[in-house]
Amino acid sequence: LELQENVVRAYIQLSLEYARLDIAEAALAQQQQILDLAQRRLKGGIGTHFEISQAETPLPEAHRQIDALQEAIALSRNQLAALAGKGPGEGAALQRPTLSLHTELKMPSALPAELLGRRPDVVAARWQVAAQARGIDVAHAGFYPNVDLVGSLSYMATGGGMLEFLTGSKLGYKVGPAISLPIFDGGRLRAELGQASAAYDQAVAHYNQTLVMALKSISDQLIRRASMDKQQAFAAESVASAQKTYDIALIAWQRGLTDYLNVLNARTQLFRQQQIQQQVEAARLNAYAGLLVALGGESGSCHSLRTPADLECAK
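According to this note's numbering, the stretch in the sequence shown is residues 1 to 315, in order.
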């Protein structure tokens, strides 16, 4: 699962670098057009050599940024090849990702907590409990409710904490019963059944903590995902505003109504806002990928592996 996550994040990074390269190349072409216009203005007797010098100044830096992005793309290709167990030559053959940073991501209206059952760490912890049970009747164990992780996010943030949310008595009337992920209580079982071991109690404690941390991870990713959606909207507004400002400044300069410095400043601001927008969109994709990882990967026909025997489901 960690390898899959690294591949996805490297792929998103490669997409981001290509998007940045697009912006840099467009900015270079735009600046070259401004230089051509300044030269025509000079020939027409309405421009100055100073304007031409100003238009030429950003060009070397624009070329440098393009070269740096091409280097970053080559390094990201090598990283993807290494993650796939291939040599650098394989990375050089990689084409531009078809993934767009503008890809629409649809979230389900609900994320049942039982999805945690397919996380490798949860599966391993449950097997450890089963291995240490030594005949203890775990059928008496309580169960995690099949809660909606999305709808309960605000409760976890404002209530008595993650563990209270999962084990508190208020769950009985808040979400209702469901057979999902069991939460074991070694002390209660010991009192009821009169048999337990230190190894079993340790396995139980590890399992419970694994579940708590898994739910925290999902909560973190849901918060990031919601935040990135809002930031994406704000970034798009900023780019639209910067583009409008640049267009106005360019027209005004062409008509001799403003100094070229205003055009240069507007262009720099537009370039910066476009870069920010790409970064936000890449972060949004990373948040979505992080949520899938926190849930144990993409769902298949087997929503969870409760015991070693359940491996047959995956075959």
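Ideal Cβ positions, reconstructed from N, Cα and C, are used throughout, including at glycine.
Non-local C-beta neighbours of S217 in its own chain, meaning closer than 6 Å and more than five positions away in sequence, comprise A294, ordered along the chain.
The three-state secondary structure of Q277, taken from DSSP, is helix. Here DSSP, grouped into helix, strand and coil, assigns K230 to helix.
Taking 7 Å as the cut-off, the Cβ atoms of A214 and R119 count as close. By the criterion of a C-beta distance shorter than 6 Å, E5 is surrounded in its chain by V293, once the five residues flanking it on both sides are discounted.
In terms of Cβ geometry, A289 and V8 form a close pair [threshold 7 Å].
For Q13, the closest alpha carbon among the candidates L80, R255, A24 and A125 is that of L80.
DSSP places D220 within a helical segment (H, G or I) once states are collapsed to three.
Annotated three-state conformation of K86 is coil, per DSSP. Inclusion of V212 and V129 in the CB contact set at 7 Å is not warranted, their separation being larger than that value. In the structure shown, the three-state DSSP call for L215 is helix.
Going by C-alpha positions, Q254 is about 51 Å away from L83.
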